[in-house]
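The numbering of the sequence shown is numbering that gives the first Met the number 0, which starts it at 0 and goes up by one. Every residue gets a Cβ at the ideal spot worked out from N, C-alpha and C, and that includes glycine.
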Amino acid sequence: MYTLENELLKIAVKQAGAELCAINAINNTNQFMWDANPDIWENFAPNLFPIIGALKDDTMHFEGEHFKMTKHGIIRHNTNIKLEKQSANTLAFSLLYSEETLKKYPFKFKFTIQYELIENKIAVTHTVENLDDNTLYFSVGGHPAFKCPVYKDEAYTDYYLEFDQKETSESYALNMDLGLVSDHTFPVITKDSTIPLHYDLFNEDALIFKDLKSTKVALKSNNNGTILTVDYPGFPYLGIWAKPHANYVCIEPWLGIADHENHNQDFKTKEGIQTLAAKQTFKATYTIEIDKKHLV
0 MYTLENELLK IAVKQAGAEL CAINAINNTN QFMWDANPDI WENFAPNLFP IIGALKDDTM
60 HFEGEHFKMT KHGIIRHNTN IKLEKQSANT LAFSLLYSEE TLKKYPFKFK FTIQYELIEN
120 KIAVTHTVEN LDDNTLYFSV GGHPAFKCPV YKDEAYTDYY LEFDQKETSE SYALNMDLGL
180 VSDHTFPVIT KDSTIPLHYD LFNEDALIFK DLKSTKVALK SNNNGTILTV DYPGFPYLGI
240 WAKPHANYVC IEPWLGIADH ENHNQDFKTK EGIQTLAAKQ TFKATYTIEI DKKHLV
């Protein structure tokens, strides 16, 4: 476990999976991350690489070969990730390709995730380096689970999500048996900027958005105003999710998406897949900003 703190916040990151596992106020007892109750969902904020969600049959096809990889890829829970850099306000962890990773993901890469603490904000930066002589195919994304409600005298239904623009958008439904994206959609938000939270919201699994105009979404309380804001410029997909009847909500910026239920499993044609030329580097950052009124 590694920590960073300043005059407002203290964060903690597990070495396994380089997973952000705590965001706590310094000057009071407020906590903003889910506690990863193992009876419900034993994760805090998995890092997703090189896939988002599931592959069809947990298998991808690449240049005539088949590779097995489980949901969300090879970073989550990985104990081979190493601390690469630590300073007063940053923690950076990395994973280098190995014989083990090449059996699942046939590319030579270096993946780095950096957490930077800037006043009341955490910047989460993903860096992918292509160490190969050929094009690298990948997806990357976040999966942070935020405590909801934050205050003991509140209910889950006192909370809502608010986008920075008015949206009209449908969610793409998951095939519940396969964990894969289907063509079925259902309306979630129409000419509005808010999604009220309630315990039945995720009965059909995650809300999956492909066409949002917004690049920010705030978790807000009817009683205590804005709790935190996730800013995700450059991430074209967004997932919103929680286990039914659990006291958290995941706000998930994605560069990629789970396989479609009818996909042919060709990794090169997977929806949302990113490409990176040989010897090039890719970066993507989202931020989590805690409203200062909850830190005094």
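Beta-carbon spacing of residue i, residue j below 8 Å
{"i": "L254", "j": "V180", "result": "no"}
{"i": "A21", "j": "I39", "result": "no"}
{"i": "V229", "j": "I287", "result": "yes"}
{"i": "L173", "j": "F208", "result": "no"}
{"i": "F137", "j": "P105", "result": "no"}
{"i": "A17", "j": "N46", "result": "yes"}
{"i": "A296", "j": "A53", "result": "Residue 296 is absent from the model: the chain starts at 0 and stops at 295."}
{"i": "H71", "j": "A15", "result": "no"}
{"i": "K109", "j": "F162", "result": "no"}
{"i": "D57", "j": "T69", "result": "yes"}
{"i": "L160", "j": "A217", "result": "yes"}
{"i": "F145", "j": "F234", "result": "no"}
{"i": "L298", "j": "N27", "result": "The question about residue 298 has no answer, for the chain in this structure spans 0 to 295."}
{"i": "G63", "j": "Y285", "result": "no"}
{"i": "L211", "j": "E251", "result": "no"}
{"i": "A283", "j": "I239", "result": "no"}
{"i": "I73", "j": "K103", "result": "yes"}
{"i": "D191", "j": "H60", "result": "no"}
{"i": "K291", "j": "G224", "result": "no"}
{"i": "L8", "j": "N23", "result": "yes"}
{"i": "Y1", "j": "L82", "result": "yes"}
{"i": "K107", "j": "Y96", "result": "yes"}
Whole-Å CB distance - residue i paired with residue j, under 8 Å assumed
{"i": "Q164", "j": "S213", "result": "5 Å"}
{"i": "I226", "j": "V295", "result": "At roughly 14 Å, the Cβ-Cβ gap does not stay under 8 Å, so I226 and V295 are not in contact."}
{"i": "P243", "j": "Y198", "result": "6 Å"}
{"i": "L94", "j": "N79", "result": "6 Å"}
{"i": "D35", "j": "N42", "result": "Per the sequence shown, the amino acid found at residue 35 is Ala instead of Asp. Their Cβ separation, rounded to whole angstroms, is 6 Å, which keeps A35 and N42 in contact under 8 Å."}
{"i": "E99", "j": "L177", "result": "Actually they are not in contact, since the Cβ atoms of E99 and L177 sit about 27 Å apart, beyond 8 Å."}
{"i": "Y114", "j": "L19", "result": "6 Å"}
{"i": "L196", "j": "Y158", "result": "5 Å"}
Sheet register partners of residue i (DSSP bridge)
{"i": "M59", "result": "F66"}
{"i": "T284", "result": "T124"}
{"i": "I117", "result": "K120"}
{"i": "N133", "result": "None; N133 has no bridge partner."}
{"i": "A91", "result": "K84, Q113"}
{"i": "N5", "result": "Answer is none; N5 lacks a bridge partner."}
{"i": "F249", "result": "Phe is not the amino acid found at residue 249; the sequence shown has Cys there. Paired residue(s): A144, W240."}
{"i": "Y171", "result": "T184"}
{"i": "H293", "result": "DSSP output for H293 lists no bridge partner at all."}
{"i": "Y158", "result": "S220"}
{"i": "T274", "result": "Y136"}
{"i": "I256", "result": "For I256, which the question treats as bridged, DSSP gives no partner whatsoever."}
{"i": "L206", "result": "I239"}
{"i": "D265", "result": "H60"}
{"i": "T225", "result": "K219"}
{"i": "L179", "result": "N174"}
{"i": "P195", "result": "Y159"}
{"i": "G72", "result": "F48"}
Is it a yes or a no for the stretch 118 to 137 touching the stretch 180 to 197, going by three-plus beta-carbon pairs under 8 Å?
Because the criterion of three Cβ pairs below 8 Å is not met, the stretch 118 to 137 and the stretch 180 to 197 do not touch.
Inter-stretch contact (C-beta, 8 Å, three-pair minimum) for the stretch 146 to 164 and the stretch 129 to 136:
no
Cβ contact check for the stretch 114 to 123 and the stretch 271 to 280: 3 or more pairs under 8 Å:
no
Return the chain-ordered ranges of every beta strand (DSSP E) run that is complete within the stretch 9 to 61 and spans a minimum of 3 residues.
18 to 24, 58 to 61
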